[in-house]
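Heads up, the thing below is written out as structure tokens.
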Amino acid sequence: MTAASSWSAALAEWAVPEEILARAESSPWGHPVRRFADRADAAVTAPSGRSFEAAQDALTTGGPGSVLDVGAGAGAASLPLAPWATELVAVDRSADMLAAYAQRAAGLGVPARTVEGLWPQVAQEAGAQDLVVCHHVVYDVPDIGPFVAALTGSARRRVVVELPVEHPMAWLAPLWLRFHGLPRPERPTSPDFVAVLQEAGVTGLRVERWERPEPADDDPLDERAALVTRRLCLPAARTPEVAALLPDVTQSGARLVETVSWSGTGGA
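Residue 256 in the working numbering sits at position 134 of the sequence shown; the count goes up by one each step and never skips.
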């Protein structure tokens, strides 16, 4: 089995069984725009972390350049790079996320445009840029080979990807077991992603593991519990049960992530 097919098979194990989905009162998918907007605002105010440093280095070593943000959300990965950017291009499948991105980019003094759609289908519309960043997206990508190839081919200088070492929903495993008796998989992990890149033959590969501080979640417990209840495909009436268990499983302090970067071929 190839590294790419192994990644795809491992992600497939995370699928929610149809019988559980059928009982859900609302879709368990989707992300609150406000949370992503808050993260983007914090990142612009105080940029930090190895992923930011790797991206900044790509724009200072070769001089200012354009930045493409794949799965941009509200812009936490790319908006902090505005002082060194000649243009910002954001790709996301959510129009609401892109609206939040555009609102924030407007005040940074750098030309910015947004592209709504899925990567890599919209890669041509986004165009090749000097730097490509992609944060916390790859665990949503079963067909990882074409995704990576398009990242590489769209970057003239570097690609910088940030991902958690473990699947971002791994922390909910105790609750899936508690409410549904459903064990959650242990793979894929960040080394599986690196194996995909090695198999693809990317050059200039760098992997750095580090701890990203997690800001305190100031949302009321009942709001956080309501979101997790939806994630677990449980009826809203069970939110108090989830709230009682949430403090025991909630991530706090720091999150183990990897910054994975490599050379682009967009200038070839």
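Where is the CB? At the ideal position from N, CA and C, for every residue including glycine.
Could you give the DSSP three-state label for residue i: helix, strand or coil?
{"i": "W180", "result": "Note on identity: in this sequence residue 180 is Ala, with Trp being the wrong assignment. If DSSP states are grouped into helix, strand and coil, A180 belongs with the helices."}
{"i": "L285", "result": "strand"}
{"i": "W241", "result": "coil"}
{"i": "P139", "result": "coil"}
{"i": "W129", "result": "helix"}
{"i": "E175", "result": "helix"}
{"i": "L294", "result": "helix"}
{"i": "T361", "result": "helix"}
{"i": "H302", "result": "helix"}
{"i": "T381", "result": "strand"}
{"i": "G275", "result": "helix"}
{"i": "G187", "result": "strand"}
{"i": "A376", "result": "strand"}
{"i": "V263", "result": "coil"}
{"i": "L65", "result": "With the chain covering only 123 through 390, there is no way to say anything about residue 65."}
{"i": "A217", "result": "helix"}
{"i": "T124", "result": "coil"}
Nearest to residue i by CA position, among the options, is which residue?
{"i": "A144", "options": "P357, P369, S385", "result": "P357"}
{"i": "A250", "options": "D265, V213, L190", "result": "L190"}
{"i": "T387", "options": "A194, V350, P307, G275", "result": "G275"}
{"i": "A168", "options": "L354, A322, R353, P335", "result": "P335"}
{"i": "L130", "options": "T311, G229, P205, Q246", "result": "Correcting the residue type first, residue 130 is Ser in the shown sequence and not Leu. Closest by alpha carbon: T311."}
{"i": "H289", "options": "V364, E308, L297, P296", "result": "E308"}
{"i": "W384", "options": "D179, S128, S170", "result": "D179"}
{"i": "I266", "options": "V244, L319, V281, L285", "result": "L319"}
{"i": "G389", "options": "A366, V244, R353, V281", "result": "V281"}
{"i": "L367", "options": "E321, W293, P313, D314", "result": "W293"}
{"i": "P296", "options": "M219, L181, V350", "result": "V350"}
{"i": "R279", "options": "A146, G229, T372, S188", "result": "S188"}
{"i": "D262", "options": "E140, P139, H153", "result": "H153"}
Can you find the residues in the same chain that come closer than 7 Å, C-beta to C-beta, to residue i, ignoring five residues on each side of it along the sequence?
{"i": "V329", "result": "V316, E380, V382"}
{"i": "V192", "result": "V213, W241, V254, C256, V259, L273"}
{"i": "T124", "result": "E321"}
Would the C-beta of residue i count as close to the ligand SAM, meaning under 7 Å from any of its heavy atoms?
{"i": "S200", "result": "In the structure on display, the ligand SAM does not appear, and there are no ligands present to speak of."}
Are there 16 or more other CB atoms within 10 angstroms of the CB of residue i, so buried, or fewer, so exposed?
{"i": "P305", "result": "exposed"}
{"i": "W151", "result": "exposed"}
{"i": "D252", "result": "buried"}
{"i": "L299", "result": "exposed"}
{"i": "S173", "result": "buried"}
{"i": "G171", "result": "buried"}
{"i": "L378", "result": "exposed"}
{"i": "G184", "result": "exposed"}
For residue i, which residues of its own chain have a beta-carbon under 8 Å away from its beta-carbon, when the five flanking residues on both sides are left out?
{"i": "R226", "result": "A159, A162, D163, V166, A196, G197, L201"}
{"i": "W136", "result": "H289, M291, R306, P307"}
{"i": "I142", "result": "H302, L304, C355"}
{"i": "R360", "result": "F301, T351"}
Short of 6 Å in beta carbon distance, which residues of its chain neighbour residue i, apart from the five on each side in sequence? Order them along the chain.
{"i": "R235", "result": "V211"}
{"i": "V283", "result": "C256, V382"}
{"i": "V232", "result": "A204, A207, L210"}
{"i": "P264", "result": "S130, L133"}
{"i": "A222", "result": "V155, A159, A196"}
{"i": "A277", "result": "V254, G386, G388"}
| said: As an exercise, report each continuous beta strand (DSSP E) stretch of at least 3 residues that is fully enclosed by the region 307-367, in chain order. | reply: Runs found: 328-335.
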